[in-house]
Structures are given as C-alpha cells and as structure tokens.
Amino acid sequence: MQEIFSHVLGRWVAPGPGAREIADAATGRVFARAGNDSLDFAAVLEFARARGGASLRAMTFHDRARMLKALALHLNANKQVLYDVSYATGATLSDHAFDIDGGIGTLFVYASKGRRELPDAHVLLDGGPEQLGRTGAFLGQHIYTPLRGAAVHINAFNFPVWGMLEKLAPSLLAGVPSIVKPATASCYVTEACVRLMTDSGLLPEGAVQLVAGGLGDTLNLLGSQDAVTFTGSAETALKLRATPNLIRNAVRFTAEQDSLNASILGPDAVPGTPEFDLFVKEAAREITVKAGQKCTAIRRIIAPEPLVAAVIEALSAILSKITVGDPRAEGVRMGALVSQEQKADVLAKAAIIATEAECVFGGQEGFAPIGENASGGAFVAPTLFLCADPDRATKVHETEAFGPVSTIMPYRDAGHAANLANRGKGSLVASIITHDTQFARDVTLEIASWHGRVYLNDRDSMAEATGHGAPMPHMVHGGPGRAGGGEEQGGIRGVKHFMQRTAVQGSPAMLTAIGGRWVPGATKTPGPAHPFTRRFGALAIGETLVTGPRTVTLDDIEHFASFTGDTFYAHMDEAAAARNPFFPGRVAHGYLLLSFAAGLFVEPKEGPVLANTGLDGLRFLKPVVPGDSIRVTLTVKEKTPRNADYGEVRWHVRLDNQDGEKIAEYELLTMVAV
Ligand code: NDP
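Numbering (the numbering used here), first residue to last: 1 to 674.
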C-alpha cells in the first residue's frame, strides 16, 4: 500500500489517524492511503505565515517571477514522473496535457507576466496619483501589498496538478505562502508534484505546504489576513464559506464550483460550413477529455431547431469512434472517472436529466470498456441527451452530471438561445460558434453578465483558438451565481486577489518614497553628470536634468513643415489658425517641440543609453508661437530591470515656456545598460 505524505513544517509526514483509502480509477484496486488527523494545523499555519511569508515578502515581484520560471522548468524536465502516476486517476496521455502541461504552462505565463507587467519592487501601484489638494502638495495613490497571512488552496480531484499550480502561481507571485489541500481521490499526483518542487530547493521554507487528506480545524484558525480558494462542488463550497470563523474575520473566500456551461451554434453554421464541423468537434472533445470531468465542459449544447438532427448525427458519429477503457491500454481515447463514488453520482445525475430528456446516444447498456481489469473501473459511456422542450424543463439547466454527459436543446432565435444559456444561472464559460458577427454580438451582450468567459470561434480563429474548455492564465477563470461567484487567474488580476489594496494619501515626496515611482512635485535632485552618461544601476529615482532654453522661430516651423510635409494650416496660415479656437495664430508643430526637446536633453556621445523604446501619456497643453522659448526638465521616474544587460528607465519629461508654463508633458522610455 502506497503511503501519501503531507509536507508540513518543513518535513514529510506519513498518513496517520483518519487516513482514507484511494483506489485506482481504472481497476478499482485500492493502492494508497492518505490523511492524518493528528497534524498540528495551527502550527502549519504559523509556519506558513512566519517563515514562508517573511521569505516571500523579502523577495521582489521579479525575484518571485524568476522562482516560478525555475519551478516551471524543473517540473517540465521531470513531468514524466507525473504522467506515470496520473494514469491511476483514469486520465489518458492526452488528458495529462491538460492537467500537467497545462499547470506548468500556467507557471510559465505567470513567470513571464510577473517580469513584464510587475515592478522589480515590493509594492504594486494601482493607477496613477490623484490630486486631492489645490496645488498638488497633497495626493493619493492606491497601492497593493501582500496579505500577511496564508492562502489555503482547496482543490478538486479532476486537476491534481493544474488545480494546484493555477492557484499557487498567483499567490506565490503576490508573496503569500500557501497550504495546498488536494482532493483525496487524486492527491498522490499532487504529492508527486510537491515532491518535485520541494526537492528542487527553489522554494523558500514554508512557502508551500501540502496537506493530504482532511484539513482538520484549519478553517476555524484563519484570520483576516488569510485567504481560501476553493474548487469543487457547490454543496461543499456552501458549507465551507458559511464557516462562522470565516464570516467573523471577513476571510477572503473564492469559490469555483459546478457549472452548466453551454455552447451555442449560430443559425448560419449549417452542415457543410467550417463552423458546423468546429462546433461538433469541440462538443465531442468537451464530452470526452478527462471523461467529461472538467469544470468548463459543455453540459448543454444549444442548436438552432432545424439543425438539431444534424448535430446529433454528426456528434454521435464522432463519439461512436471513441474507445473507452483503462488509460494505460493501447488505443484508449477516453479513460475512467476518478472513483466509483463519482461514477454513481454521474449516473444518478444522468437519471435526473433523463426525466426531461431522451437519450439519443450512449448510455451504460451494452457498454464494455477495454482493459484487463476494467470491470472494477469507474467507466461511464459518452452519453448524449436531447431535451426537446428546454423552456419547460428545469433539471437539464441545473443538474451537473460531472462526466461524459451532455444535453442538446433546440432554440428559435438569438434571444431564445441566450435565454437558455442564462438558465444555467451563472457559469464559467459559454461558447458561440458562428461566422455571423451580428449574431455573436446579440448573444454575447445578453449572456455576458451570466458567464465568466465567452468563447467565440469560427473559421478565422479556429487554427489558433485555445478551446472552449481551456481556462487560459491570461484570462479570468470563474463565473457568477452557480459557478461560485469567484474569479481566478486573469493575468495579474489574479495576483491582486492575494494582496490588499490601500489608498495612501500624502505629499509627493511621501508617495515617491512608498511607491518607488517618482511623483511630480517630489524633490528633483541634480545628478553628478548628464543622466545619459550614467548606467542603469547608478541612476537614482528623482535624478533630474534641466536644459537651457531654445527659441522657436517662424523659420523653424517653415523648415519643419517643408522637411516633413506636415503643412497643416495651423502651422502655415496665420488667419486660418487664428480662426481655430485653440490657437492665437500660427503655432509650432507638437512633433517639432518633441524633436527640439530631444535635441535639448540628449547626450550625443556613445554611452549607456541604448535605445528609445517609446513614449507614453503625451499631452500638448499650451500652444507655442514663434518667438517663444522652451526648456526641458527630464526626471528619472521609474526603473525596471529587464535582463542582465539592460533595464528600462521611464523618464518624466516636462516642457515649459519662457514664463514657466507647462506646454507639454510625457513619459519617455529608454533601455539603459546596467
Ligand atoms: P468536493 O466539493 O466534495 O471536494 C472538493 C474539495 O473540497 C476536495 O479537496 C475535498 O477534499 C474538499 N473538502 C470537502 N469537504 C471539506 C471540508 N469539510 N473541509 C475542507 N475541505 C473539504 O468535490 P469533489 O472533488 O468530491 O467533487 C464532487 C463534485 O464536485 C463533482 O461531482 C462535481 O459535480 C463537482 N466538481 C466541480 C468542479 C468545478 O470546478 N466546477 C470541479 C470538481 C468537482 P476531500 O477530497 O479530501 O474530501
């Protein structure tokens, strides 16, 4: 009997009192046990908060992003270990791609986004400063800092690797230590993954702990700096989120639960179109991948009434070619459900659906999965129902058979299709397969508020589309109502779920010191030399160059106009310019002013400034007329390391006229050698 360990307080702990047995999904053979009620959960939480939290918070976002990248590389190099143990969950080799490769891919995306979209700092700024006083001496800035507690991640059985990593990536990037509690039925895969991660030595002690089996009294020990993320059944979510201690301490609780996801076929997508084939292919894939045990799987197939028969025929043709059996056996395309309990649950739910719909494909009768010991496995045949009157039906819109089961229903028009999709009362994803942009728009606007994600696919996007059922780390995953009301991932949005947003108010100098980004009005310090001669590491936030003045003449304007071809009347025709409410008469081109500004502030000799990579937030605030003079103030606003060779410097650039009036303002981006 294999013992599945927990990893707590820096060591591996064997199963103990309260351990539960685990069976192989495809054979029914009990092969492992997990769980230990005697774990000291208060100590586990304290270890996370004090050890893991302190180490993670000492790192910058970029340090943590580099750690995620290294972890992803390590897991990727060793993923065969995870493949080998995953078969016992009933998953086929191609299912592993969703769980194991999908999880590693999520780490990679967060690692990359962390480096590109977050600062190399401990504080994340939310938006820009808000001027609260008359002169700008008192400002406000929203900031994010990591929660000081622990994140408790409770996962479902269907994604033992992805489920853990999609929650860990954002929480670790935020700087919050995590306690992972996988579903017992597949926790041996999670354990193998945590072993790889801890053995790599890449994680600080206490950053990730694993509890195999029950969580004991953990939820009663959480405080307001902790967070719970949950994936699983609505019933368990309700029970857990109602824990009085969580309510009392306003502990963040994110739930991702059962969902009656729909896929809608456009009326234009008749047989013979690429969209019809695409629709049927995606529906078949959602029914069979992971044996339908995907929170995003298509449970309701919504098709135009005249096309229903063709959809049933085409879908049945694909499903009839799916070989079901032990995922280790040759030629098997769909494996088993995770356990006999799940099989019984799915068959019971299918029986409920059958009270409102007729079975048009599949069913358990005469079904014979292949594999030597398959008779003990939790196999369910791909099954298709037709609900002819979905308006009167209720159960098909609220019963999630968490297996290879889907129900087809006819619709009359766009409004009716949307109405049926919304009868799921909140879901993770709805797809619309159509080449008709008007139909897509009509349906999307009607269903968006009921769905966490709307997936549109047609002949133009199908070669690159990521699939109805695949949550992408860049996009939010979660949905309203029945889907739990939670939101995960969504790129950096998911990181913020583990941080506190605080409105900080004070002087520009205070906000600069706290945010690490220079705020206009804060002290400007002259550097020891021209800033373009100084390397990335030497430049200080607030370091400023003020240039001498340059007078703009009519000749300059005419020269620029003929040289560039920009002879817009406001620069060339005194009377026409004067009729324009913005100008007193002929004015200098804005781009001429930018060019003169560069001429004033650059240091021409070869030096550490490597390239000008962009310009943000440009505003021309006051016209410049012939005879005016301009001067430039160039200030180091923010520095972001990019690699070992160079980093990005964001300069605040302000142009003033001879009267000290601001005529233009922008941010200049340069790459500067380290
Ligand atoms: P559960 O809701 O029973 O379990 C989900 C997780 O919660 C598991 O890790 C489970 O641990 C844990 N859990 C259960 N009770 C407690 C508790 N009192 N305190 C702390 N943790 C607890 O879902 P299952 O995984 O068993 O799946 C059951 C059904 O959930 C499926 O049939 C399906 O309908 C739905 N489901 C929905 C998913 C979705 O994302 N929409 C995903 C997976 C399932 P343990 O395993 O140790 O009991």
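We treat Cβ as the ideally placed atom computed from N, Cα and C, and that holds for glycine.
{"Check": "Does the pairing of the segment 131 to 148 with the segment 45 to 57 give three or more beta-carbon distances under 8 Å?", "Outcome": "yes"}
{"Check": "Would you mind giving the Cβ-Cβ distance between D217 and F41, rounded to the nearest angstrom? I have them listed as a contact below 8 Å.", "Outcome": "6 Å"}
{"Check": "Can you tell which of V602, V443, R285, R501 has the C-alpha that lies nearest to the C-alpha of L634?", "Outcome": "V602"}
{"Check": "Which same chain residues end up closer than 8 Å to A644 when comparing Cβ atoms and leaving out the 5 residues on each side of it in sequence?", "Outcome": "V674"}
{"Check": "Would the beta-carbon of G362 fall within 7 Å of that of A381?", "Outcome": "yes"}
{"Check": "For the alpha helix (DSSP H) containing K639, name the first residue and the last one.", "Outcome": "First-last for K639: 629 to 641, but that is the beta strand (DSSP E), not the alpha helix (DSSP H)."}
{"Check": "Okay, do the segment 608 to 618 and the segment 493 to 511 touch, 3+ Cβ pairs below 8 Å being the bar?", "Outcome": "no"}
{"Check": "Examine the ligand GTP and report whether any of its heavy atoms sits within less than 6 Å of the Cβ of I318.", "Outcome": "With respect to the ligand GTP, the structure shown offers nothing to examine, as its ligands consist of the ligand NDP."}
{"Check": "Considering only the beta carbon of each residue, do G481 and G452 sit closer than 7 Å?", "Outcome": "no"}
{"Check": "Return the first residue and the last residue of the alpha helix (DSSP H) that V85 is part of.", "Outcome": "79 to 86"}
{"Check": "Please indicate yes or no: does the CB of T236 lie closer than 6 Å to some heavy atom of the ligand NDP?", "Outcome": "yes"}
{"Check": "Going by beta carbon distance, what residues of the same chain come within less than 7 Å of R650, once the five residues before and after it are set aside?", "Outcome": "K637, E638, E667, L669"}
{"Check": "Can you check whether the CB of S6 is closer than 7 Å to the CB of T89?", "Outcome": "no"}
{"Check": "For the alpha helix (DSSP H) containing G729, list its first residue and its last residue.", "Outcome": "Look at the range of the chain in this structure, 1 to 674, and you will see that residue 729 is not part of it."}
{"Check": "Assess, as a yes-or-no matter, whether the segment 520 to 530 is touched by the segment 551 to 561 under the definition of 3 or more beta carbon pairs within less than 8 Å.", "Outcome": "no"}
{"Check": "Going by the C-beta, is F402 closer than 6 Å to any heavy atom of the ligand NDP?", "Outcome": "yes"}
{"Check": "State the Cα-Cα distance for the pair D99 and G175, rounded to the nearest angstrom.", "Outcome": "24 Å"}
{"Check": "Would you say E256 touches the ligand NDP, meaning its beta carbon is less than 6 Å from a heavy atom?", "Outcome": "yes"}
{"Check": "Verify whether the separation of the beta carbon atoms of A414 and A421 is less than 7 Å.", "Outcome": "no"}
{"Check": "Among all the DSSP beta bridges, which residues are the ones paired with E543?", "Outcome": "T525"}
{"Check": "Going along the chain, which residues of its own chain have a beta-carbon closer than 8 Å to the beta-carbon of V81, five neighbours each way excluded?", "Outcome": "A192, L196"}
{"Check": "In three-state terms, what does DSSP make of M472?", "Outcome": "coil"}
{"Check": "If distances are taken between C-alpha atoms only, which option among F379, T355, G376, A417 comes closest to A393?", "Outcome": "T355"}
{"Check": "Closer than 6 Å: is that where the CB of C387 sits relative to any heavy atom of the ligand NDP?", "Outcome": "no"}
{"Check": "Checking 7 Å against the spacing of the C-beta atoms, do A26 and A336 come in under that value?", "Outcome": "yes"}
{"Check": "Please tell me whether G515 and Q141 are closer than 7 Å, where the distance is taken between their beta carbons.", "Outcome": "yes"}
{"Check": "Shortest alpha-carbon distance to P204 belongs to which of L265, E365, D63, D628?", "Outcome": "D63"}
{"Check": "Do you know offhand how far Q131's Cα is from L139's?", "Outcome": "5 Å"}
{"Check": "Between the beta-carbon of A212 and the beta-carbon of A350, is there less than 7 Å?", "Outcome": "no"}
{"Check": "Flag this pair as yes or no: are the beta carbons of N155 and P182 separated by less than 7 Å?", "Outcome": "yes"}
{"Check": "Secondary structure at L618, three-state DSSP: helix, strand or coil?", "Outcome": "strand"}
{"Check": "Taking just the CA atoms, how far does V672 sit from G283?", "Outcome": "As written in the sequence, residue 283 is Ala, which differs from the Gly given in the question. Roughly 51 Å separates the two Cα atoms."}
{"Check": "Inspect the CB distances between the segment 290 to 308 and the segment 251 to 268 and report whether three or more fall short of 8 Å.", "Outcome": "yes"}
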